[in-house]
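A quick write-up on the structure given underneath.
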Amino acid sequence: MDARAAQGVQIGDGNQQFNTFMVVPGAAAPPFTAPGLPRHFVSRPRELEGIVGRLLGGAVVVVHGGGGFGKSTLAAAACHDDRVRAAFRDGVLWLRFGQATTREGAVALLHDQIRLLDPHTHAANDLGAASAQLRSLLAGRAVLLVLDDVWSAGLLPYFLFTGTPCLVTTRLDAVLGRAGGRPVPVGELTGEQAAELLMRWQPEPPDAVASALLTALAGRLGEWPLMLELVGAELRSLVAAGRTTAEAVAHVERRLALDVGYLDRHSDEDRNAAISSSLDASVALLRPEHRARFAELAVFPAGADVPFGTIWRLWRATAGYDALAAEDAVEEMYRLALFTRYDVRRRLLRLHDVVQRLIVRRAGDLDLLHRRLLESWGDPRHPPDAYAWTYLIHHLHQLGKDKEIRELLSDFDWVYRRLQATPAAGLIADFAERCPDRDGEFVTAALRMAGPALSDPAQLAAQLVGRLAGAPPGLPMVERLLEEARRYESAPSLLPERVHLLPADRGVHTRVNVGSPILSAALSEDGAYLLTGQNDGILSVWDWRRHERVAALACGVGQPWSVAVQGELVAVGGAGNARSDPRPAAPIQIWNWRTGEHVRDLGADLPGLEEGYCTHVYGTLAAVTNGGMNNRIELLDWIRHTRLTLDPDTGSTGNSPDEVFLAPPYLLHHHGSSRVTSVYDLRRGEWLGSTNGQVGIRTIPFVVGEALCVAARWIEVPDVPGLLFRREAEAEGSRSADTACDVWGYAAIVSAVARDAARTLVGGHVVDVYDRLDQPPVGCLEGHSELITSIHPAGEALLTTSHDATIRIWDRRRPQAPPGGGRFHRPAISALEAEGESVFAGTLSGTIEEWDWRTATLRASDSAGMAVRALAVNDRWLVHSAFEHPKHSEFTVRDRRRWADPAAAAPTRAEASARAIILQKHQAVVRARLCGDSCAVVVRPYYTPANSIGGGPFTGNWVCVADLNADTVELMVGEWVSAVDLSADLVVAGTAGGEVHLWTRSGAPVWGFPAHDGLVLDLRICGEWLFTCGVDRMVRSWQLRTGIPRRAFGPFAGPVTGLDVRGRLLVTAAEDQCVTVFDRYDGRELARFDDDVAVTRAVALGDDLATFAAGGMSGFLHVLRANGPLRARFGASPGPGA
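Take 1 as the starting number for the sequence shown in full-length UniProt numbering and just add one per residue.
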């Protein structure tokens, strides 16, 4: 071997590494005594770069940290760094100290280095003389000294020489100060580094499942390198003996729960082989009185961040310490690195949970410590700091004070102030753990489902009233919390008039956030893992019981619209649009989901994929179609590698992209051009026929017994779907299926279907449970805020996925909510208006309803025939628009006095003529507003090219203003209008481009300018003010006649979809699912109400300025009243300029 090529090469057996050097004839190789890196070494780049950079600058570098945190390993890694080797070409000398190193031991260390540098020198036996000899030998040489594990600051000067760089490792502040170098602090590993360390200890590289188990274990161990090393060695031994990784992890966790010291490997040579001895070595250096104080820290729960003030109160109670004495004790413990973490600025410390469990044995009477700590806090209803609020219940429980705990948790004022001081998660955990009876379960479920709303403590009263008001009698905790919530005066809030949110005893579920909308999902065969195809192109593997992602696979199929699992293999089927999606690597990919291996592609050779394609995988079958294949269908068995080409049924024409769906023994082919769905029998190998002219449906097929069921949703209006049933004809040999389809109208989008024993689960925004599909549902599960994309029964759980980027895990043992849940509406609310003591709601199921919102009773209702899109009401008129498409639309003008009278079904002349004037053929009204007898509407044409209406060309939507009494059109203006309002002399409109325009009622333009970044969703005139909102998540106010901006509200968390203004108040509805009330003059947020289920679309403010209504896609009609200090404010007189 060429010696030059061998310069600096490392060789070894995997456990030890040795460095080779070019040997010059007649010269000795430079000494290098640093230890090799362990086989399981994990790089820590941030700390390593800090050490190397300082060494190359010629400084003394001190690596400082607690016992077992990897200081020596990092120092060794620095010694092996190529940059360090090149800089210190004359060698690296590693001196191992230790706690027991005496002056004689220091002399022996000096002798060893002297012999390495000059074997012929006779070393002196005096410490000072030997130090001088080493200094002389190092002069002029590029040598690095490494002083490892230094405990004695007094010995340090004999090893620090001017001009010789030095690397020191220590856990003591005293050594750090004496060395005078630049410190590099070393703490816990990151989560990724900790997991990698455990994995490197394994005999073989772990698969995806084992990696997930080890990652979770690393997190639970706390990222302490010493602990991870010991556990890794134990796991390696157990796996080598024949256990699986899962069995080994379970064994270690069980043993650690019993005794954290069971892993200790007692070794005189290596103190860090044992956890307890490593801790004892540091504790022994404390002053005796401080050792007792350190043991008293056992009273605090493992892993808690404990503020200095809390520790001082404890020590003041146990030892009479003042603040200065307590600070001295903490500083000494900190200097000895006895804390896992110490934030000097915030004065927070944390003990590692293993350390905490070790000192518990030495703490003596723990009950006495808990009592002393609680006494130091004083009144439990007014804890002194955030730690006391968080852990008060814990310390009371340790003393068995369950009665006192229940009294505190039943006190609304205490619960409210706890939320002000600490996050909701700890409060919910306290309810769940300390009140496990039925009473506590109701409250726990209510708080858990309130979720993000509780980040605003003012939401507590509304959330509890909305979820617990329907609880059964005999629950004292529930009854007390409800009573106090309704009369609580300290927090401004909007309280519901009746149960309006998900009841606390129904649909209890856990949410797992995914981060991207879920398009498809499938369960592993053992039911332990859920595989999700996401909008970002990732296929994720979830351990759903642990709520953990164990693998993420980057698929090349476009958007993964379908997923099917067979054993360890998963097939992913994609879909793409010719206009927006690039050509995929393949329409179907096969992966090993356990190992993450890409097995093969299917269909990559198909022509025309760039023209759009659709794939569906189910079981072992995969079907793909696309325009470039002239809509033929390729049917593949991805396990047996067979392939069949199907010509389309006669309904397919042209190259419009089709869709294909598998529901063995059937295949459904939806034709993009003719919008007809054909059915193919996979057993007979023939087409059975089409849906007999059902126009414009997208299908989700499933089989119930011998019946093929199709969940169908209309393409033009995707929220008016139905369920279609098709049974095979009984006649033997019949080619066609029974063409008579029963249609059961469904009031929300159908997006997923599953079978659960004898029941059928149908998902849209909720999961409806059917005993029979031709009858109404018997139950429902509510919680998703967007469309549900898959439903999976799994043992005692039911898993659902959704476009809202979450997985929900439902307890199937819990009762399911009855349909409607006691709410006003089941169908989605699309329009809402308040007038006097009534609130009018229009729904996507085609109903108009008038409610008395003081009593929450239905006054009147009627059918609009189709989905309601716009509604306006005043004391004289009620107008509403309904359509499924502009070709199929209705616009109705009604006299308020006659609208709900069955005898007044026939419209009056004025009602009929107004409708005829406003709504012409192939047009639909999408917005409507009233002002006296005038009605302003936004008209949408069926054809997008310019239309000559009323003598002028209009493109897109425009504004039409009519006099409902005179049967005349006053005004037609605008292009691409999205919102409108009017006053006695002005008309204002917002556009799809974000502009706002103002005209006089005679049609003269006043002003126009960009107001929002994107579509204007709503606007309102209030006196001399104009309020607008849009998709840019902002609400803005303007001076009406001049267009001068007044104030901006926001940004909100989602687009603002509706607003209302009366008096001083501005109320908004947004897609962040919140109703928010502002003082429109000073811009202050006064109150907020969180709708937990679905996007809020419409909002209205009552004449009394204290009553609100809001509705959205979930079908909730919320009736809210001002509570607490808001009551007086809402009744205040308007300010100037109103």
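Ideal placement from N, C-alpha and C gives every residue a C-beta, glycine not left out.
Predicted model only: the values in this text are computed from it and were never measured.
Next item on the list: Give the secondary structure of Gly232 by DSSP, where H, G and I count as helix, E and B as strand, and everything else as coil.
Entry: helix
Item checked: Which listed residue (Phe41, Ala29, Val84, His80) has its alpha carbon closest to that of Arg54 -> Val84
Note to self: Using DSSP's beta-bridge definition, name the partner residues of Ala984.
What the structure shows: In DSSP, Ala984 forms no bridge with anything.
Checklist line | Same chain, Cβ closer than 6 Å to Ser889, neighbours up to 5 away in sequence not counted | finding: Phe883, Ala924
Note to self: Could you tell me the alpha carbon to alpha carbon distance between Gly779 and Ala794, rounded to whole angstroms?
What the structure shows: 18 Å
Checklist line | CB contact flag (Arg182, Asp149, <8 Å) | finding: no
Next item on the list: Note down the Cα distance separating Gln566 from Ala432, rounded to an integer number of angstroms.
Entry: 39 Å
Check: Should Phe1049 and Val1031 be called a contact, given that it needs their Cβ atoms to be closer than 8 Å?
Finding: no
Note to self: Please state the DSSP three-state secondary structure of Ala1138.
What the structure shows: Annotation note: pLDDT 31 at Ala1138 (below 50); position unreliable, no value reported.
Notebook entry, point to check: By Cβ distance below 7 Å, which residues in the same chain neighbour Leu644 in space, the five residues on each side in sequence not counted?
Noted result: Leu635
Next item on the list: Pair every Cβ in the region 831-845 with every Cβ in the region 861-873, then say whether three or more of these pairs are closer than 8 Å.
Entry: yes
Next item on the list: Kindly list the residues whose CB is nearer than 6 Å to the CB of Ala329, restricted to its own chain and excluding five residues on each side of it in sequence; keep chain order.
Entry: His290, Arg293
Checklist line | Gly466, DSSP secondary structure in three states | finding: helix
Next item on the list: Ignoring anything shorter than 3 residues or poking outside the region 400-433, list the beta strand (DSSP E) runs there in chain order.
Entry: none
Checklist line | Beta-carbon proximity of Arg1033 to Gln1039, cut-off 8 Å | finding: no
Checklist line | Straight-line Cα distance separating Leu494 from Thr1042 | finding: 35 Å
Item checked: Given 8 Å, three or more beta-carbon pairs between the region 25-45 and the region 158-172 -> no
Next item on the list: Give the single residue among His395, Leu682, Ala153, Glu204 whose Cα lies nearest to the Cα of Gly180.
Entry: Ala153
Margin query: Rounding to the nearest angstrom, what Cα-Cα distance links Ala363 and Ala295 in this structure?
Written below: 5 Å
Notebook entry, point to check: Given that a residue counts as buried once 16 or more other Cβ atoms are within 10 Å of its Cβ, and exposed if not, what is Glu995?
Noted result: buried
Next item on the list: Locate the beta strand (DSSP E) running through Ala754, then write down its first and last residues.
Entry: 752-756
Item checked: C-beta atoms of Cys555 and Val572 nearer than 8 Å -> yes
Margin query: Considering only DSSP beta bridges, list what Ala573 is partnered with.
Written below: Checking the sequence shown, residue 573 turns out to be Gly, not Ala. Partner(s): Ser562, Ile588.
Check: Secondary structure at residue 1159, three-state DSSP: helix, strand or coil?
Finding: Since the first residue shown for the chain is 1 and the last is 1138, residue 1159 is missing from the structure and cannot be characterised.
Next item on the list: Check Ser455 in the structure and name its three-state DSSP category.
Entry: helix
Margin query: Assuming the contact rule is C-beta atoms closer than 8 Å, Ser838 and Asp852 should be a hit. Round their C-beta distance to whole Å, please.
Written below: 6 Å
Next item on the list: Could you work out which residue in Leu553, Tyr613, Pro384 is closest to His598 when comparing CA atoms only?
Entry: Leu553
Next item on the list: Could you work out which residue in Gly1058, Leu982, Leu1015, Gly1014 is closest to Trp1025 when comparing CA atoms only?
Entry: Leu982
Item checked: Residues of its chain near Thr164, where Cβ-Cβ distance is below 7 Å and the 5 sequence neighbours each way are ignored -> Leu138, Val143, Leu145
Notebook entry, point to check: Does the Cβ-Cβ distance between Ala1100 and Leu832 come in under 8 Å?
Noted result: yes
Check: Is the Cβ-Cβ distance between Ala471 and Phe442 less than 8 Å?
Finding: yes
Margin query: Less than 8 Å between the C-beta atoms of Ala586 and Val563, yes or no?
Written below: no
Margin query: How far does the beta strand (DSSP E) with Thr843 in it extend, from its first residue to its last?
Written below: 838-843
Next item on the list: Using the Cα positions of Leu464 and Ala485, report the straight-line distance between them to the nearest angstrom.
Entry: 7 Å
Notebook entry, point to check: Would you report the Cα separation of Leu56 and Val184, rounded to the nearest angstrom?
Noted result: 14 Å
Checklist line | Rounded separation between Gln409 and Ile1044 - CA only | finding: The residue you asked about is not Gln; residue 409 is Leu in the sequence shown. Near 51 Å, if we compare the C-alpha coordinates of Ile1044 and Leu409.
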